[in-house]
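Respectively, the protein sequence lines represent chains X and P.
The first sequence lines up with residues -9 to 648 when you count with the numbering used here.
The second sequence lines up with residues 129 to 231 when you count with the numbering used here.
In what follows, a structure is listed as structure tokens, so that the remarks can point back to it.
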Amino acid sequence: MDITLPILILAIPIAMFLILGLTGMKMSHKMAGVLGICGMGTTMVLSYIVAYTYFFSSGSAITADGMSMPFIVDGVRQQIQMFDVTWLSWAFERGTLTVNLGFLLDPISAMMLVVITTISFFVHLYSWGYMEGEKGFQRFYAFLSLFSFSMLGLVVATNIFQMYIFWELVGVSSYLLIGFYYKLQSAVAASKKAFIVTRFADLGMLIGILILSYYTKTFNFIDLTQAGGPEEVFNTIGSGSVFMGCSVLTWALVLIFTGGMGKSAMMPLHIWLPDAMEGPTPVSALIHAATMVVAGVYLVARMFPLYLMEPASLDFITGIGAITALYAAVVACTQIDIKRVLAFSTISQIAFMMVSLGVARPEIHEGLGYMASMFHLFTHAMFKALLFLGAGALIHAVHSNDYTAMGGLRKYMPITHWTFLIGCLAIAGIWPFSGFFSKDEMLSAMYGYSTFWGIWMTAVAGLTAFYMFRLYYLIFWWDENPHYKHHTPHDAPWQMSLPLIILAAVSCVAGFIPFGELVTWNGEPYHIHIDWVGVAIPSLCVAAAAILLATIMYRKKNSLPDKVAAIWPGLWTAAHHRFYWDEIYMFITHKIIFNGICSAIAWFDRHIIDGTMDMFAKVTQKTSYAIRGFQSGSIQAYVWWYFLGAVALAAVTAWAIL
Amino acid sequence: MNLDMLMYLIPSLIMFACGVFGFITRRNLIAILISLELMLNAVDLNFVIFNRFLFPGELEGMFFTLFSIGIAAAETALAIAIIINIFRAVKNVDVKEITKLKF
């Protein structure tokens, strides 16, 4: 395989963005939609070909330096740079620093190519129905293409700087798509919030990248992560420098992870994701459930050998992930907006992946946590996109985001009902749906690391099952909404139903993919075996119990939920208000930063800096007004003054000479 | 100083003073222009006088005077053209009335 296909995978979406963005207004909606869908479909097929060739053929690739490199050497999958061109280059005393742009093919990037293009294609198709007749339809497709391009560029980055560039690009496309309804005040606020919070986190990431590259003198992932490469550097230079009790490497890795926390909505930077649900629902499915928000997980996975050198940073990731997972799961139990429930569920599931990465160690089940995390990333992308697209179909049908406007919908929307149920079963981790397999592997890794985290995350998994089935019952069972008599909800058109059915089918079978053979931390195959007694049966029991509890509480309309909420009214209210994180941020930004620090700076700017400039202007103006009477318009007056002046000059000159 | 030269310089001075006085006191633009010409001619006269008495062998002063007379002719034509235009615009050539160009 040479570089033709990889180049096309990136070129088609960006070309589609330019075509739709520049000439979209001249096109009809149908033309723009078909163009976008065909472009993404082609990209999807190309990605499948590339991934299939990489995973299942015994062939070889022509690398950047023109050599032929086999995909598998001694049973280990290789990381292959399909191409790598120098974009910027600076010469320093310590060496030359280059920023390259390239295409790195390895197990996780090939897996991500499949995930991104699949979800993106189905979202393109779905949007054709969902966004029908919307103003700015072509703009929507253009932005979707821009996002797909950026995300694909992110996962195939050969170096951390390229990743950072595309990292910002996905941030921008997310901003543009959240604020798609730019006349809606809340959407504008949400898009700004998302951009500012993630950008703030990316500042940490940039500092981390700079620290890391300062010591290692390279941005390249393969150079950074190969065995013995950076280790030597850090043992000689890095470990000597300690800052606030942590080594330079720890600081660099934690700071880089900060960027991941922003994008992947880890606490305390999670606040933007629930608000991001203001965007159109297909966007939420693509960006805020399946692809962009897992960029943080992908980042840690990409640099995993480096993180492995510093277990403290992995422990940090584990802690953040575990707290976020529990927090988001508790909050999800009390939300009314169905998209917000799904948003918190996404936060919780991504935190699951983070914990799984954090507990991955080569000595524990041969680095199972890494494989499990990637596996869950894959399955979660499928079933969470399914759930979001299902939620989109529901919103399309009842024109409201709140479950209070739904209830009893199973009779009216059978396709949505069954696919949504499959999504719920998958996320709850019920055999044989895909979520069971990935969650089971993750829990095995956690129990292998420490029983405490294992039990903690099993509890979170139980909560997941509970809130998903709470949502399911409140939407499809509970009590039939009286408004249906005036406006009967019905299943969505085929463009929307088809993605639901296909994604549901994928969620049913994806668990049987021999994922361990394909994606592992060091490229060596791992044989998945399910630990039925130790992990699978207990977690299945917890999930089943949670589903049973949800069934009792929410299947038919009753007063039990209110009674349960009344047991701890404080806890319920706090969870309903997302534990006041937004209020805390408001307090810090408005009361402390704006009123305290910024107002002093503003005073200085307004009175000292502006004041000096104003003074110059005022003095000039006052003087001009004072002397303007001289210019009377009378020529003879001028001559008179001139004459007097000449006489005075003559007198002075005469006095000086004589 | 040479008394002969003074005999020439004093009429030149009187001419110049008349010009200044006329320029400041007269109201009619044409009269102001005539005063201007008086001043100019007084200066021309000075050139000739100094050249004749101080540097008898040279001709620069003479030539400069001829040059200045030529320029003065052109300048007068221009000034009269401006005055005619002003008269067309405001039907007046009284300098007291033409005071639009001020702050």
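Beta carbons: idealized from backbone N, C-alpha and C, even for Gly.
Look at the Cβ atom of Met486 of chain X, then the Cβ atom of Leu379 of chain X, and state whether they are nearer than 9 Å.
Along the first sequence, read from residue 1 onward, the residue named residue 486 of chain X stands at position 496. Along the first sequence, read from residue 1 onward, the residue named residue 379 of chain X stands at position 389. Taking 9 Å as the Cβ cut-off, Met486 of chain X and Leu379 of chain X qualify as a contacting pair.
Segments assigned alpha helix (DSSP H), at least 4 residues, entirely inside the segment 244 to 313 of chain X
262 to 265, 271 to 275, 285 to 292, 294 to 299
Going by beta carbon distance, what residues of the same chain come within less than 8 Å of Leu25 of chain X, once the five residues before and after it are set aside?
The residue given as residue 25 of chain X occupies position 35 in the first sequence. Correct list, in chain order: Met6, Ile9, Leu10, Met17, Tyr131.
Could you tell me the distance, in whole angstroms, from the CA atom of Val160 of chain X to the CA atom of Ile168 of chain X?
The residue given as residue 160 of chain X occupies position 170 in the first sequence. The residue given as residue 168 of chain X occupies position 178 in the first sequence. Answer to the nearest angstrom: the Cα atoms are 12 Å apart.
Cα-Cα separation between Phe185 of chain X and Tyr172 of chain X, rounded to whole angstroms
Locating residue 185 of chain X in the first sequence gives position 195, where the first residue counts as 1. Locating residue 172 of chain X in the first sequence gives position 182, where the first residue counts as 1. If you take the alpha carbons of Phe185 of chain X and Tyr172 of chain X, they lie about 15 Å apart.
How would you call Lys374 of chain X, buried or exposed, if buried means at least 16 neighbouring beta carbons within 10 angstroms?
By 1-based counting over the first sequence, the position of residue 374 of chain X is 384. It counts as buried.
Please report the residue range of the beta strand (DSSP E) in which Gln68 of chain X lies.
Position 78 of the first sequence, counted from the start, is the residue given in the question as residue 68 of chain X. Counting along the chain, Gln68 of chain X falls outside any beta strand (DSSP E), and DSSP gives it neither H nor E.
Check whether chain P comes within 9 Å of Gly635 of chain X, counting only Cβ atoms and requiring the distance to be less than that.
By one-based count along the first sequence, residue 635 of chain X stands at place 645. Chain P contact via Cβ: absent.
What did DSSP end up calling Ile354 of chain X once you bin it into helix, strand or coil?
Taking the first sequence and counting its residues from 1, the one referred to as residue 354 of chain X is at position 364. Ile354 of chain X falls in the coil class under three-state DSSP.
Rounded separation between Tyr38 of chain X and Met101 of chain X - CA only:
Stepping through the first sequence from its first residue, residue 38 of chain X is reached at position 48. Stepping through the first sequence from its first residue, residue 101 of chain X is reached at position 111. If you take the alpha carbons of Tyr38 of chain X and Met101 of chain X, they lie about 9 Å apart.
Tell me whether the beta-carbon of Asp469 of chain X lies closer than 9 Å to the beta-carbon of Lys553 of chain X.
To locate residue 469 of chain X, count along the first sequence from 1; it is residue 479. To locate residue 553 of chain X, count along the first sequence from 1; it is residue 563. Against a cut-off of 9 Å, the Cβ pair of Lys553 of chain X and Asp469 of chain X comes out as no contact.
For chain P, find out if any of its Cβ atoms is closer than 9 Å to the Cβ of Ile625 of chain X; answer yes or no.
Start at 1 with the first residue of the first sequence, and residue 625 of chain X comes out as number 635. For Ile625 of chain X, the answer is yes, since a Cβ of chain P falls inside 9 Å of its Cβ.
The segment 607 to 622 of chain X: which residues have C-beta closer than 7 Å to a C-beta of chain P, in chain order?
Arg618, Gln621, Ser622
What are the start and end residues of the beta strand (DSSP E) that includes Thr13 of chain X?
Stepping through the first sequence from its first residue, residue 13 of chain X is reached at position 23. Annotation: Thr13 of chain X is outside any beta strand (DSSP E); the continuous alpha helix (DSSP H) that includes it extends over -6 to 13.
Simplified DSSP assignment, three categories, for Lys401 of chain X
Walking along the first sequence from the start, residue 401 of chain X turns up at place 411. If DSSP states are grouped into helix, strand and coil, Lys401 of chain X belongs with coil.
Do Leu91 of chain X and the ligand FAD come close, with the Cβ less than 8 Å from some heavy atom?
With respect to small molecules bound, the structure shown includes none, and the ligand FAD cannot be examined in it.
What in chain X is Cβ-close to Phe151 of chain P, meaning under 7 Å?
Within the second sequence, the letter at position 23 stands for residue 151 of chain P. Correct list: Val629.
Would you mind sorting Thr478 of chain X into buried or exposed? The rule is 16 or more other CB atoms within 10 Å of its CB.
Along the first sequence, read from residue 1 onward, the residue named residue 478 of chain X stands at position 488. With fewer than 16 other Cβ atoms within 10 Å, it is exposed.
Going residue by residue through the segment 500 to 579 of chain X, where are the continuous alpha helix (DSSP H) segments of at least 4 residues, counting only ones entirely within it?
Restricting attention to alpha helix (DSSP H) runs no shorter than 4 residues, the segment 500 to 579 of chain X encloses them at 505 to 508, 527 to 544, 550 to 557, 559 to 566, 571 to 576, ordered along the chain.
Express the C-alpha separation of Ile542 of chain X and Ala555 of chain X in angstroms, rounding to a whole number.
Here residue 555 of chain X is taken as the residue at index 565 of the first sequence, counted from 1. Here residue 542 of chain X is taken as the residue at index 552 of the first sequence, counted from 1. Distance between the alpha carbons of Ala555 of chain X and Ile542 of chain X is about 15 Å.
9 Å Cβ cut-off: residues of chain X touching Thr227 of chain P
Sequence index remark: in the second sequence, residue 227 of chain P carries index 99 (1-based). What Thr227 of chain P touches in chain X: Ser622, Gly623, Ser624, Ile625.
When the Cα atoms are used, what is the spatial distance from Phe156 of chain X to Phe61 of chain X?
Here residue 156 of chain X is taken as the residue at index 166 of the first sequence, counted from 1. Here residue 61 of chain X is taken as the residue at index 71 of the first sequence, counted from 1. In a straight line, the C-alpha of Phe156 of chain X is about 26 Å away from that of Phe61 of chain X.
Which chain X residues sit within Cβ distance under 9 Å of Val148 of chain P?
Position 20 of the second sequence holds residue 148 of chain P. Per Cβ cutoff of 9 Å: Val629, Phe633.
Are the segment 77 to 96 of chain X and the segment 132 to 139 of chain X touching, with three or more C-beta to C-beta distances below 8 Å?
no
Looking at Gly252 of chain X and Ala191 of chain X, is the spacing between their C-beta atoms short of 9 Å?
In the first sequence, the residue the question calls residue 191 of chain X occupies position 201. In the first sequence, the residue the question calls residue 252 of chain X occupies position 262. Contact: yes.
Which residues does DSSP list as the beta-bridge partners of Ile52 of chain X?
Taking the first residue of the first sequence as 1, we reach residue 52 of chain X at position 62. In DSSP, Ile52 of chain X forms a bridge with X:Ser58.
Using 8 Å as the Cβ pair cut-off and three pairs as the minimum, do the segment 271 to 289 of chain X and the segment 499 to 506 of chain X touch?
no
If we count the other Cβ atoms within 10 Å of its Cβ and call it buried at 16 or more, is Pro270 of chain X buried or exposed?
Within the first sequence, the letter at position 280 stands for residue 270 of chain X. The residue is buried, with at least 16 neighbouring Cβ atoms inside 10 Å.
What residue does the alpha helix (DSSP H) around Asn90 of chain X start on, and which one ends it?
Within the first sequence, the letter at position 100 stands for residue 90 of chain X. Counting along the chain, Asn90 of chain X falls outside any alpha helix (DSSP H), though it belongs to the beta strand (DSSP E) covering 85 to 95.
Nonlocal neighbours in the same chain, by C-beta distance under 8 Å from Pro139 of chain P, ignoring five residues either side
The sequence position of residue 139 of chain P within the second sequence is 11, counting from 1. Answer for Pro139 of chain P: Leu173, listed in chain order.
State yes or no: is the beta carbon of Val223 of chain P nearer than 9 Å to at least one beta carbon in chain X?
For the purposes of this step, residue 223 of chain P is taken as residue 95 along the second sequence, with counting starting at 1. Yes, Val223 of chain P lies at the interface with chain X (some Cβ there is under 9 Å from its Cβ).
Would you kindly report the start and end of the unbroken alpha helix (DSSP H) that includes Ala184 of chain X?
As a working note, residue 184 of chain X is residue 194 in the first sequence. Its alpha helix (DSSP H) spans residues 175 to 206.
C-alpha distance - Gly143 of chain X paired with Phe73 of chain X, whole-angstrom precision:
Within the first sequence, residue 143 of chain X is the residue found at index 153, counting from 1. Within the first sequence, residue 73 of chain X is the residue found at index 83, counting from 1. Each residue's alpha carbon lies about 13 Å from the other.
What do you reckon, are the CB atoms on Thr240 of chain X and Ser303 of chain X nearer than 9 Å?
Here residue 240 of chain X is taken as the residue at index 250 of the first sequence, counted from 1. Here residue 303 of chain X is taken as the residue at index 313 of the first sequence, counted from 1. Yes, they are a contact pair.
What separation, rounded to the nearest whole angstrom, lies between the Cα atoms of Pro184 of chain P and Leu648 of chain X?
Position 56 of the second sequence holds residue 184 of chain P. Position 658 of the first sequence holds residue 648 of chain X. Spanning the two alpha carbons is a distance of roughly 28 Å.
Residues near Met343 of chain X by beta carbon distance below 6 Å, same chain, minus five either side
Residue 343 of chain X sits at position 353 when you count from the first residue of the first sequence. Correct list, in chain order: Val287, Ser363, His366, Leu367.
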